[in-house]
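Below: the structure, in C-alpha cells.
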Amino acid sequence: MRDSPAIDPATTLQTGFHSEITMPLNTTTRSILQLGAALCLGLTQAAAHVAATPSAAAQRTQAFFGELHVHTMNSPDAFMLNVRTTPDDAYRFARGEAIPHISGVTIRLRAPLDFVAITDHSEYMGILPRLFEPQGALAGLPIAARLSDEDPERRQAAVLEVLMTLGDNNPMPALVDQALRQSIWQEYVRSAERHYRPGEFSTLIGYEWTSSGALDEVNLHRNVIFRSNQVPAQPFSSFDSVEPRALWAWLDEQRALGIEGMAIAHNSNLSNGLMFPTNVAFGGEAIDADYAALRQRNEPLVEISQIKGSSETHPLLSPNDEWAGFELLEDLLGGRGTLGKVQGSYVRDAWLSGLLMQAQQGYNPYRFGVIAASDSHNAGSQVEEDNYHGKIGSADGTPETRRGGSFINTHHIKYSSAGLAGVWATENTREALYDALARRETFGTSGPRISVRFFAGADWPADLLTRPDWVEQAYATGVAMGGELGQSTGAGPEFLLWAAKDPGSAWLQRVQIVKGWVEDGATRETVFDVGCADGLSPDPSTHRCPDNGATVSLETCEYDRHKGDGQIAVRWRDPGFDPEQPAFYYARVLENPTCRWSTWDSLRTGLPLPEEIPATLQERAWTSPIWYRPPAAH
Numbered sequence: 167m168r169d170s171p172a173i174d175p176a177t178t179l180q181t182g183f184h185s186e187i188t189m190p191l192n193t194t195t196r197s198i199l200q201l202g203a204a205l206c207l208g209l210t211q212a213a214a215h216v217a218a219t220p221s222a223a224a225q226r227t228q229a230f231f232g233e234l235h236v237h238t239m240n241s242p243d244a245f246m247l248n249v250r251t252t253p254d255d256a257y258r259f260a261r262g263e264a265i266p267h268i269s270g271v272t273i274r275l276r277a278p279l280d281f282v283a284i285t286d287h288s289e290y291m292g293i294l295p296r297l298f299e300p301q302g303a304l305a306g307l308p309i310a311a312r313l314s315d316e317d318p319e320r321r322q323a324a325v326l327e328v329l330m331t332l333g334d335n336n337p338m339p340a341l342v343d344q345a346l347r348q349s350i351w352q353e354y355v356r357s358a359e360r361h362y363r364p365g366e367f368s369t370l371i372g373y374e375w376t377s378s379g380a381l382d383e384v385n386l387h388r389n390v391i392f393r394s395n396q397v398p399a400q401p402f403s404s405f406d407s408v409e410p411r412a413l414w415a416w417l418d419e420q421r422a423l424g425i426e427g428m429a430i431a432h433n434s435n436l437s438n439g440l441m442f443p444t445n446v447a448f449g450g451e452a453i454d455a456d457y458a459a460l461r462q463r464n465e466p467l468v469e470i471s472q473i474k475g476s477s478e479t480h481p482l483l484s485p486n487d488e489w490a491g492f493e494l495l496e497d498l499l500g501g502r503g504t505l506g507k508v509q510g511s512y513v514r515d516a517w518l519s520g521l522l523m524q525a526q527q528g529y530n531p532y533r534f535g536v537i538a539a540s541d542s543h544n545a546g547s548q549v550e551e552d553n554y555h556g557k558i559g560s561a562d563g564t565p566e567t568r569r570g571g572s573f574i575n576t577h578h579i580k581y582s583s584a585g586l587a588g589v590w591a592t593e594n595t596r597e598a599l600y601d602a603l604a605r606r607e608t609f610g611t612s613g614p615r616i617s618v619r620f621f622a623g624a625d626w627p628a629d630l631l632t633r634p635d636w637v638e639q640a641y642a643t644g645v646a647m648g649g650e651l652g653q654s655t656g657a658g659p660e661f662l663l664w665a666a667k668d669p670g671s672a673w674l675q676r677v678q679i680v681k682g683w684v685e686d687g688a689t690r691e692t693v694f695d696v697g698c699a700d701g702l703s704p705d706p707s708t709h710r711c712p713d714n715g716a717t718v719s720l721e722t723c724e725y726d727r728h729k730g731d732g733q734i735a736v737r738w739r740d741p742g743f744d745p746e747q748p749a750f751y752y753a754r755v756l757e758n759p760t761c762r763w764s765t766w767d768s769l770r771t772g773l774p775l776p777e778e779i780p781a782t783l784q785e786r787a788w789t790s791p792i793w794y795r796p797p798a799a800h
C-alpha cells in the first residue's frame with residue numbers, strides 16, 4: 167500500500183500526488199528542494215557501513231545535487247577540439263551563470279548546482295594551452311611550433327603525435343615536468359578556493375585518472391575527489407601507473423599523510439569487462455581479500471550514468487528487466503565501433519558478483535554506491551534534454567555534427583544528456599558532502615533533480631509514513647541507502663521508499679525496487695514495481711504497474727501533464743525474503759516519457775528523427791543499494 171508522508175506545517179508548498187507545482191523553472195536549487203523539505207530531513211547514519219542506533223548523534227540531512235565530472239580547456243582532448251573555457255568558467259556555470267560554447271551560443275543551467283568538482287585529465291593537465299603561449303616557458307619546444315603550423319596537415323599530425331603519447335602511455339618528457347605539473351595543480355586548488363562558499367556552494371577538488379589500461383579502446387578511468395583543500399603536491403596519473411590497484415595504494419599513502427581522497431569509477435560499460443573482474447585483476451594478480459579491502463577503502467562509488475551511456479545493466483544480463491536497455495552505449499573508446507564484453511562491465515552484474523564472492527570466498531570488492539555525472543568537456547553539465555549542446559567542443563557542438571562520429575565515438579547521437587549526483591548530507595560543505603559520499607548515502611539521476619529516500623528496517627509502527635518524524639525514526643532504527651542490514655525477522659525487513667519529482671520535469675510514473683541475491687550457488691535478480699502513479703497498484707503476480715497512459719508529442723515535445731504523481735511513498739516487504747540468502751536491494755524511480763535531446767534537435771532544425779535511437783525516454787533515478795547479510799555470514 168502507498169502512503170502519503172506527513173507534511174510539515176511550516177511548509178506552504180502543496181505536495182499531494184496531483185498538486186501542481188508552480189515554481190518557475192529558473193528557481194534556485196534550494197527552492198526546488200522545498201518540495202520535499204519536510205520529507206527529506208532526518209538523522210544521518212552513525213558511520214559508514216553501520217546502521218545508526220537510537221543513541222546516534224541527531225543531525226539533519228538534505229538532498230544536494232551536483233556534478234563530480236566536468237572537463238575544461240585544460241583537458242588535452244577538449245583543447246584539441248577547440249574548447250577554450252576554463253575552470254573558473256566551469257565554476258561560474260555550476261553557480262548558474264552563462265558561459266560561451268564552441269558553437270557560438272552561450273549555455274546556462276536553469277538552476278544552479280549545489281556542488282561541483284572540476285576533473286580535468288591528470289595526463290598533460292593544463293599543458294596544451296601553455297604550448298600556445300607565445301612567451302610561455304614551453305613556447306620554444308619543437309612540438310609547440312608544429313602545433314601552431316599554418317599548414318593544417320602538419321598541424322593535425324602534431325596533434326595526433328601528442329594524442330598518441332597519451333594512448334601509448336609514453337609521455338613527452340618536457341610535458342610532464344614535475345615543477346610545471348605542481349604549479350598547474352596549485353592553480354586548480356586556488357581556483358576551487360576562490361569559488362568555495364561553505365553552506366551555499368561547494369567546490370570539491372579533484373581530477374580524472376585516465377587509464378585505458380594500456381589496452382586499445384578500454385576505459386578504466388576514475389575520478390579522484392579529495393575531502394578538503396589538503397591535497398597532494400600533484401595528481402597521480404596513468405603516466406605513473408595504468409593499474410587501478412596502484413591508484414588505490416597511492417590513496418592509502420596519501421591518507422596516511424592526512425590527505426583523505428577517494429576514487430569513483432566511470433563508464434564501466436566501456437571497460438570491455440575489466441572494470442569488475444571476478445578472478446584476476448587488471449595487471450595479472452589474483453583477486454583476493456586484500457584486493458577487496460583495498461578497493462573498498464578507496465572506491466566507494468561508481469557512476470551509474472553519464473554522457474557516455476548508462477552502466478546500470480544490459481538486456482543480455484537482465485533479460486527480464488524491461489528497462490535494462492536505457493541509454494546504452496556499447497562502442498568502446500576510439501571511434502571504431504568495437505563492441506565490448508557485457509560481463510564485468512555493468513553495475514548490477516558487479517553487485518551480483520560481489521554477493522557470490524562474499525558467499526563463496528568471504529570477501530566482496532563490489533559493495534559500492536552510485537552517483538551519476540555528465541563528463542562534459544565543455545566546462546558545463548549538459549543534463550537537460552532540451553538544453554543539450556554536446557559532449558566535447560567541435561566534435562559534436564552542433565545538431566549537424568551530433569549526427570556523425572569522430573575519433574572519439576562512432577555515433578555521437580548515442581550520447582546521453584546525463585546526469586547528476588544526489589547526496590544526502592548534513593550541510594553544503596566539502597567535508598559533509600564527502601562524508602556522505604564515503605558512506606554511500608547517494609543516488610544518481612539521468613538529469614532531473616528527482617529526490618529519493620530509501621531505508622530498510624523492522625518493527626516500524628504501522629502508520630510510520632504518516633508521521634512528521636518518519637525520516638528520523640527510519641534513521642534511528644533502520645539503515646539508509648548505502649548501508650548494510652544484518653538483522654532479520656521471520657517476515658524479513660521492510661523497505662521505505664519515497665520519491666519526489668523535479669518541479670521542472672515530468673511527473674513520476676512508478677517506483678521500483680531491484681533485488682539481487684544468491685541462491686543455490688548462483689545469482690538471481692528481479693524487479694518489483696512497488697509504487698504506481700495515478701492510484702494504480704502493481705499486479706500481484708507480475709509485480710508490474712499498469713500502463714498509466716502518459717504520452718508525449720513528437721511534434722511539440724509536450725509531455726503529459728495530467729498523468730503521474732508529484733511524489734510516491736511506499737513501504738514494502740520482499741515476498742520472497744529468505745533470511746539465509748545474501749541479497750541487495752536498490753530503488754529505481756521512473757518519470758513519464760519525455761523527448762530525448764536528439765528529438766529536440768530534430769524539432770528545432772527540421773532534421774529527421776534519427777532511426778538508431780528512441781525518440782523518447784523515461785528519465786530516472788537510482789539509489790545506492792542496501793545489502794542484507796545473513797547473521798551467520800558476519
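Numbering (our numbering), first residue to last: 167 to 800.
Ideal Cβ positions, reconstructed from N, Cα and C, are used throughout, including at glycine.
Legend entry - Cα-Cα separation, Gly563 to Lys557: Looking up residue 563 in the sequence shown gives position 397. Looking up residue 557 in the sequence shown gives position 391. When rounded, the distance between both Cα atoms is 7 angstroms.
Inset, instruction - May I have the straight-line CA-CA distance separating Glu597 from Val693, to the nearest angstrom? - result: Here the question's residue 597 lines up with position 431 in the sequence shown. Here the question's residue 693 lines up with position 527 in the sequence shown. Going from the Cα of Glu597 to the Cα of Val693 covers about 35 angstroms.
Legend entry - Trp804 to Ile453 span [Cα, whole Å]: In this structure the chain extends from 167 to 800, so residue 804 is not present and cannot be described.
Inset, instruction - For Ile679, name the three-state secondary structure that DSSP assigns. - result: Taking the sequence shown and counting its residues from 1, the one referred to as residue 679 is at position 513. Here Ile679 sits in strand by DSSP.
Inset, instruction - Please work out which residues of its chain come closer than 6 angstroms, Cβ to Cβ, to Ala256, disregarding the five sequence neighbours upstream and downstream, and give them in chain order. - result: In the sequence shown, counting from the first residue as 1, residue 256 sits at position 90. Counting only Cβ-Cβ distances below 6 angstroms, and skipping sequence neighbours, we find Val236, Thr238, Ile284 and Ala545.
Legend entry - Sequence-distant residues of its chain with Cβ nearer than 7 angstroms to Met441 (five each side left out): Residue 441 sits at position 275 when you count from the first residue of the sequence shown. Cβ within range, chain order: Leu386, Ala431, Ser434, Gly510 and Ser511.
Inset, instruction - Please confirm whether Ile391 and Met428 have their CB atoms less than 8 angstroms apart. - result: Counting from 1 along the sequence shown, the entry for residue 391 is found at position 225. Counting from 1 along the sequence shown, the entry for residue 428 is found at position 262. Yes, Cβ-Cβ distance for Ile391 and Met428 is below 8 angstroms.
Inset, instruction - Compute the distance between the beta-carbons of Ala753 and Trp683, then report whether it is under 8 angstroms. - result: Within the sequence shown, residue 753 is the residue found at index 587, counting from 1. Within the sequence shown, residue 683 is the residue found at index 517, counting from 1. Their beta carbons are not under 8 angstroms apart, which means Ala753 does not touch Trp683 by this criterion.
Legend entry - Asn575, buried or exposed, once every other Cβ within 10 Å from all chains shown has been counted against 16: As a first step, residue 575 is located in the sequence shown; it is residue number 409 there, counting from the start. It counts as buried.
Legend entry - Helix, strand or coil at Leu603 according to DSSP, with G and I counted as helix: Locating residue 603 in the sequence shown gives position 437, counting from the first residue. If DSSP states are grouped into helix, strand and coil, Leu603 belongs with the helices.
Legend entry - Coil, strand or helix - Pro266 by DSSP: Residue numbering aside, residue 266 sits at position 100 when the sequence shown is read from its first letter. Three-state result, Pro266: strand.
Inset, instruction - Taking Ile792 as part of the beta strand (DSSP E), name the residues at either end of that continuous run. - result: Residue 792 sits at position 626 when you count from the first residue of the sequence shown. Counting along the chain, the beta strand (DSSP E) containing Ile792 begins and ends at Ile792 to Tyr794.
Inset, instruction - Using alpha carbons as the reference points, say which of Asn445, Asp705 and Gln352 lies closest to Pro401. - result: The count along the sequence shown starts at 1 and reaches residue 401 at position 235. Among Asn445, Asp705 and Gln352, the Cα nearest to that of Pro401 belongs to Gln352.
Legend entry - Neighbour-count burial assignment, Gln661, 16 or more Cβ in a 10 Å radius: Translated into the one-based positions of the sequence shown, residue 661 becomes position 495. A quick correction: the sequence has Phe, not Gln, at residue 661. The residue is buried, with at least 16 neighbouring Cβ atoms inside 10 Å.
Legend entry - C-alpha distance - His287 paired with Arg739, whole-angstrom precision: One-based indexing of the sequence shown puts residue 287 at position 121. One-based indexing of the sequence shown puts residue 739 at position 573. Rounded to whole angstroms, His287 to Arg739 spans 45 angstroms at the Cα level.
Inset, instruction - Answer yes or no: do Val549 and Gly613 have a C-beta to C-beta separation smaller than 8 angstroms? - result: On the sequence shown, position 383 is the one that residue 549 refers to. On the sequence shown, position 447 is the one that residue 613 refers to. Yes.
Legend entry - Test item: CB-CB of Arg762 and Pro780 under 8 angstroms: Here residue 762 refers to the residue found at position 596 when the sequence shown is read from its first residue. Here residue 780 refers to the residue found at position 614 when the sequence shown is read from its first residue. Yes, they are a contact pair.
Inset, instruction - Locate the alpha helix (DSSP H) running through Gly520, then write down its first and last residues. - result: For the purposes of this step, residue 520 is identified with residue 354 of the sequence shown, where counting begins at 1. Counting along the chain, the alpha helix (DSSP H) containing Gly520 begins and ends at Val513 to Gln527.
Legend entry - Burial state of Asp243, where buried means 16 or more other Cβ atoms lie within 10 Å: Position 77 of the sequence shown holds residue 243. Label assigned to Asp243: buried.
Legend entry - Inter-residue spacing [alpha-carbon to alpha-carbon] between Gln678 and Thr331: To locate residue 678, count along the sequence shown from 1; it is residue 512. To locate residue 331, count along the sequence shown from 1; it is residue 165. Whole-angstrom Cα-Cα distance: 46 angstroms.
Inset, instruction - Taking 8 angstroms as the threshold, find out whether the region 788–796 comes into contact with the region 643–651 through three or more Cβ pairs. - result: yes
Inset, instruction - For Arg320, count neighbouring Cβ atoms within 10 angstroms of its own Cβ and tell me buried if that reaches 16, exposed if not. - result: Numbered from its first residue, the sequence shown carries residue 320 at position 154. So Arg320 ends up on the exposed side.
Inset, instruction - Please report the residue range of the alpha helix (DSSP H) in which Thr643 lies. - result: Here residue 643 refers to the residue found at position 477 when the sequence shown is read from its first residue. Its alpha helix (DSSP H) spans residues Trp636 to Thr643.
Legend entry - Helix, strand or coil at Glu691 [DSSP, three-state]: One-based indexing of the sequence shown puts residue 691 at position 525. Strand at Glu691.
Inset, instruction - Determine the contact status of Asn389 and Leu234, defining contact as a CB-CB distance below 8 angstroms. - result: In the sequence shown, residue 389 corresponds to position 223, counting from 1. In the sequence shown, residue 234 corresponds to position 68, counting from 1. Yes, they are a contact pair.
Inset, instruction - Count the other CB atoms, across all protein chains shown, that sit within 10 Å of the CB of His728; report buried if there are 16 or more and exposed otherwise. - result: What you label residue 728 is simply residue 562 of the sequence shown in a count that begins at 1. Burial call: exposed.
Legend entry - Cβ-based neighbour list, Arg533, same chain, cut-off 7 angstroms, excluding 5 preceding and 5 following: Numbered from its first residue, the sequence shown carries residue 533 at position 367. For Arg533, where only same-chain residues beyond five positions count, the Cβ hits under 7 angstroms are Gln462, Gly520 and Trp793.
Inset, instruction - Please name the residue, chosen from Lys507, Leu467 and Cys723, that lies closest to Leu436 on a Cα-to-Cα basis. - result: As a first step, residue 436 must be located in the sequence shown, where it is residue number 270. Leu436 has its Cα closest to that of Lys507, out of Lys507, Leu467 and Cys723.
Inset, instruction - Could you check which residue in Glu465, Glu691 and Gln396 has the C-alpha nearest to that of Trp375? - result: Taking the sequence shown and counting its residues from 1, the one referred to as residue 375 is at position 209. Nearest of Glu465, Glu691 and Gln396 to Trp375, Cα basis: Glu465.
Inset, instruction - Just mark Ser707 as buried or exposed, buried being the case when its beta carbon has 16 or more other beta carbons within 10 Å. - result: Position 541 of the sequence shown holds residue 707. It counts as exposed.
Inset, instruction - Leaving aside the five residues before and after Leu783 along the sequence, list all residues of the same chain whose C-beta is less than 6 angstroms from its C-beta, in chain order. - result: As a working mapping, residue 783 is identified with position 617 in the sequence shown. Contacts found: Arg762.
Inset, instruction - Just mark Pro300 as buried or exposed, buried being the case when its beta carbon has 16 or more other beta carbons within 10 Å. - result: Here residue 300 refers to the residue found at position 134 of the sequence shown. With fewer than 16 other Cβ atoms within 10 Å, it is exposed.
Legend entry - Residues of its chain near Leu483, where Cβ-Cβ distance is below 8 angstroms and the 5 sequence neighbours each way are ignored: To locate residue 483, count along the sequence shown from 1; it is residue 317. For Leu483, where only same-chain residues beyond five positions count, the Cβ hits under 8 angstroms are Ala490, Val508, Gln509, Tyr512, Arg514 and Asp515.
Legend entry - Nonlocal neighbours in the same chain, by C-beta distance under 6 angstroms from Arg312, ignoring five residues either side: On the sequence shown, position 146 is the one that residue 312 refers to. Closer than 6 angstroms at the Cβ level, and outside the excluded window around Arg312, lie Ala324.
Legend entry - Residue closest to Leu495, alpha-carbon to alpha-carbon, out of Trp673, Gly306 and Gly475: Numbered from 1 along the sequence shown, position 329 holds the residue referred to as residue 495. Nearest of Trp673, Gly306 and Gly475 to Leu495, Cα basis: Gly475.
Legend entry - Proximal residues to Asn248 (C-beta, below 8 angstroms), its chain only, five neighbours per side dropped: Locating residue 248 in the sequence shown gives position 82, counting from the first residue. If we look at Asn248 and ignore the five residues flanking it on each side, its Cβ neighbours are Ile268, Gly559 and Ser560.
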